[in-house]
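These notes are about the structure you will find just below.
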Amino acid sequence: MIVQLGNWREQWTTNVKGNVLAGMTATLALIPDSLAFSFMAGVPPQVGIYATICILLLITFLGGRPGMISAAAGSMAVLMLSLVEEHGIQYLFAATILTGIIQYLMGVFKLGRLMSFVPQGVLVGFVNALAILIFLSQLRYFSGESWVMYLLVAVTLVIIYVLPRYFKAIPSPLAAVVLLTFAVWVTGMDGVTRIGEIDASLPAFLIPDIPLTWETLMIILPTSFSLAIVGFTETMLTHNLLDEMTDERTDKNKEMRGQGIANFVAGFFGGMAGCALVAESVLNVKMGGRNRLSTLVAALFLLLLVVVLGDVLALVPMAALVGIMLMVCVAIFDWKSIFNMRAVPASETIVMLVTVGTVVLTHDLALGVIAGVLVSFVWFAVQASKVQIHSEWQGERRIYRIQGQLFFASASELEAKIEHGCKAEEVHIDLTQTRVWDHTAELALTKTVDRLTRAGKKVVVRKPEQQKVQPVR
């Protein structure tokens, strides 16, 4: 009870100012993303807004990683478009509910442990690829714009990087948005693209208007399963990144249970499925938002801006938000992976580049992670398959000492390096410094023994668990 009370105080009463301001800053980055992701999914803007509000509110209390921003996500939005186009938005709401159920079960069955199989190179590649995608996504805001857009973005970046040297009471990205909005409003500057009006009211409870049939389930299940996998991947990788940034170890399975409940509820309030967002999460943590208070503030501030202060929100220059996102790109990109390549193994660099290349080409973070993990496993298998077989004579005996791991990739070495024309009458195969991992290796060992035995030789195999040399035949 005392420990729970201490955790509660830490999450809600520690560094209140820093968490409140960080949550407000993260909200400003969430708004254009929520709108863009709604467009990507082919749904009205309020669907992304509702999803972000619902998910943020619930994950604040149910998630396992304090300070992590979860909302509508682009990586998931691209998977929704075909479902919406073919069957309508009501099926999307149902798919969101089913996604939540699947993700909750992922947490129940503790699939968070799978992230221990994701190498560091994949994590670095995931982050770098995301930074590149965010940068590329911001370029569309410059299309057809005048020099004013470039000037305002430059001013935003100057404020973000210079202001903290002299004034740290307010996060510089938040200050940049306020100052630019005020300056554009006072000067009446022409040709400035603003966020614009968002027609959104309070989210209302609804039950998806779809037939409750087996056919309906078969329609939404493939989309829901894909959404759950992508959401799981992006959330867990973001979770890992923030744990490293804050030097903490938080509960990944609790996070997935929380994500599942959040998506389940979002579907009943007209929202789309979402997951953790790397850019906004890193921004929140870097601005001081390490507690649950920051995500609660982000949800409530977004609700306030959209529903109550819509007119004020409409005045915010898009250039200010673009500047913030460019700052996030610079912040999350792992520059050491580029300028310090010689300091890390070549295999890790290759895995990182494969991950980045796959994500940039496909715009699918999950595919990038899968490609990176596969390359890592192949690389590991190649390295592990290099066994050493030392041979020596002891009187009339020929002894083969095996060092390394015997499995499907290295089994052929065993057959190849134990000579077919061995002249010894007695052959010893010493496996005390190796381990036989699979059936393929067992078969290779059996074939080698059989071959030598048919040649009239006495064969003795010494295994790690055996203390005495025992003849096989």
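Residue numbers for the sequence shown follow the working numbering, beginning at 2 and rising by one. Positions of the beta carbon are idealized from the N, C-alpha and C atoms, including for glycine.
GLU427, enclosing beta strand (DSSP E) - first and last residue: Residue numbering aside, residue 427 sits at position 426 when the sequence shown is read from its first letter. Counting along the chain, the beta strand (DSSP E) containing GLU427 begins and ends at 427-437.
Pairing CB atoms from the segment 198-214 with CB atoms from the segment 66-80, are three or more of them under 8 angstroms? No, the segment 198-214 is not in contact with the segment 66-80.
First and last residue of the beta strand (DSSP E) that includes GLY480? Nothing can be reported for residue 480: it is not among the residues displayed for the chain, which extend from 2 to 474.
Which listed residue (MET353, GLN389, VAL461) has its alpha carbon closest to that of LEU375: Within the sequence shown, residue 375 is the residue found at index 374, counting from 1. Answer by Cα proximity: MET353.
Ignore the nearest five residues each way along the sequence and tell me which others in ALA300's own chain have a CB closer than 7 angstroms to its CB. As a first step, residue 300 must be located in the sequence shown, where it is residue number 299. Within the same chain, ALA300 has close Cβ partners ILE54, LEU57, LEU58, THR61.
Can you give the Cα-Cα distance for PHE340 and SER173, rounded to whole angstroms? By 1-based counting over the sequence shown, the position of residue 340 is 339. By 1-based counting over the sequence shown, the position of residue 173 is 172. Cα-Cα distance, rounded: 28 angstroms.
For the beta strand (DSSP E) that ARG455 lies in, which residues bound it at each end? Looking up residue 455 in the sequence shown gives position 454. Looking at the DSSP string, ARG455 is not in any beta strand (DSSP E); the run it does join, the alpha helix (DSSP H), is 440-455.
Got a sec? Which residues, its chain only, sit under 6 angstroms from LEU99 by beta carbon, not counting five neighbours each side? Against the sequence shown, residue 99 aligns to sequence position 98. For LEU99, where only same-chain residues beyond five positions count, the Cβ hits under 6 angstroms are ILE221, SER225.
Which residues in the same chain have their Cβ closer than 7 angstroms to the Cβ of ILE160, if we skip the five residues on either side of it in sequence? For the purposes of this step, residue 160 is taken as residue 159 along the sequence shown, with counting starting at 1. Excluding sequence neighbours, ILE160 sits near SER173, ALA176, ALA177, LEU180.
Express the C-alpha separation of LEU368 and GLY457 in angstroms, rounding to a whole number. Indexing the sequence shown from 1 puts residue 457 at position 456. Indexing the sequence shown from 1 puts residue 368 at position 367. Pairing GLY457 with LEU368, the inter-Cα distance amounts to about 54 angstroms.
Please tell me whether GLU393 and ILE400 are closer than 8 angstroms, where the distance is taken between their beta carbons. Your numbering for residue 393 matches position 392 in the sequence shown. Your numbering for residue 400 matches position 399 in the sequence shown. Going by beta carbons, GLU393 and ILE400 fall inside the 8 angstroms limit.
Residues in the same chain with beta-carbon distance under 7 angstroms from GLU443, minus the five sequence neighbours each way, listed in chain order, please. Indexing the sequence shown from 1 puts residue 443 at position 442. VAL437, listed in sequence order.
From which residue to which residue does the beta strand (DSSP E) around ARG463 run? The residue given as residue 463 occupies position 462 in the sequence shown. It spans 459-463 - the beta strand (DSSP E) in which ARG463 sits, taken as one unbroken run.
Do you know how far the Cα of ALA132 is from the Cα of THR239? One-based indexing of the sequence shown puts residue 239 at position 238. One-based indexing of the sequence shown puts residue 132 at position 131. The alpha-carbon atoms of THR239 and ALA132 are separated by roughly 13 angstroms.
Runs of alpha helix (DSSP H) wholly within the segment 126-166 (minimum 4 residues, chain order): Annotation: the segment 126-166 contains the following complete segments of the alpha helix (DSSP H) (minimum length 4 residues), in chain order: 148-163.
Cβ atoms of VAL317 and ARG166: under 8 angstroms apart, would you say? In the sequence shown, counting from the first residue as 1, residue 166 sits at position 165. In the sequence shown, counting from the first residue as 1, residue 317 sits at position 316. Contact: no.
May I ask you to report which of helix, strand or coil DSSP gives HIS88? The residue you call residue 88 lines up with position 87 of the sequence shown. It is helical.
From the DSSP output, in three-state form, read off TRP215 for me. For this step, residue 215 is matched to residue 214 along the sequence shown. DSSP places TRP215 in helix when its eight states are reduced to three.
Output the distance between the C-alpha atoms of VAL125 and ILE419, rounded to the nearest integer angstrom. Residue numbering aside, residue 125 sits at position 124 when the sequence shown is read from its first letter. Residue numbering aside, residue 419 sits at position 418 when the sequence shown is read from its first letter. Between VAL125 and ILE419, the C-alpha separation is close to 42 angstroms.
Completely contained alpha helix (DSSP H) runs for the segment 37-102, where each covers 4 or more residues: Counting whole runs of 4 or more residues, the segment 37-102 contains the alpha helix (DSSP H) stretches 46-63, 75-78, 82-88.
So, at 7 angstroms on beta carbons, what are the nonlocal neighbours of VAL85 in its own chain, with the 5 sequence-adjacent residues on each side left out? Reading the sequence shown from its first residue, position 84 is the one you call residue 85. Taken in chain order, the residues that qualify are ALA42, GLY43, VAL44, LEU93.
On the DSSP letters alone, give me the boundaries of the beta strand (DSSP E) that GLU249 sits inside. Indexing the sequence shown from 1 puts residue 249 at position 248. GLU249 -> no beta strand (DSSP E), and no H or E assigned at all.
Under 7 angstroms: does the beta carbon of ASN285 sit that close to some heavy atom of the ligand FAD? The ligand FAD is absent from the structure shown, which contains no ligands of any kind.
Quick check on ARG291: buried or exposed, where buried means 16 or more other Cβ atoms within 10 Å of its Cβ? Here residue 291 refers to the residue found at position 290 of the sequence shown. Burial call: buried.
In three-state DSSP terms, what is GLN467? Within the sequence shown, residue 467 is the residue found at index 466, counting from 1. Unreliable placement is indicated for GLN467, whose pLDDT of 45 sits below 50; no coordinate value is reported for it.
Is PRO465 buried or exposed, if buried means 16 or more other CB atoms sit within 10 Å of its CB? For the purposes of this step, residue 465 is taken as residue 464 along the sequence shown, with counting starting at 1. The C-beta of PRO465 has fewer than 16 other C-beta atoms within 10 Å across all chains shown, which makes the residue exposed.
Could you please give me the residues that DSSP links to GLN389 through a beta bridge? Working through the sequence shown from its first residue, we reach residue 389 at position 388. DSSP output for GLN389 lists GLN404 as bridge partner(s).
Touch check for the segment 140-159 and the segment 380-394: three-plus C-beta pairs under 8 angstroms? Judged by pairs of C-beta atoms under 8 angstroms, the segment 140-159 does not touch the segment 380-394, as fewer than three such pairs exist.
Please state whether DSSP places ARG195 in a helix, a strand or coil. Position 194 of the sequence shown, counted from the first residue, corresponds to residue 195. Looking at ARG195 - three-state DSSP - the assignment turns out to be strand.
Which residues does DSSP list as the beta-bridge partners of PRO209? Walking along the sequence shown from the start, residue 209 turns up at place 208. None, per the DSSP bridge assignment.
Looking only at DSSP bridge pairs, what is PRO318 linked to? Sequence index remark: in the sequence shown, residue 318 carries index 317 (1-based). ARG195, per the DSSP bridge assignment.
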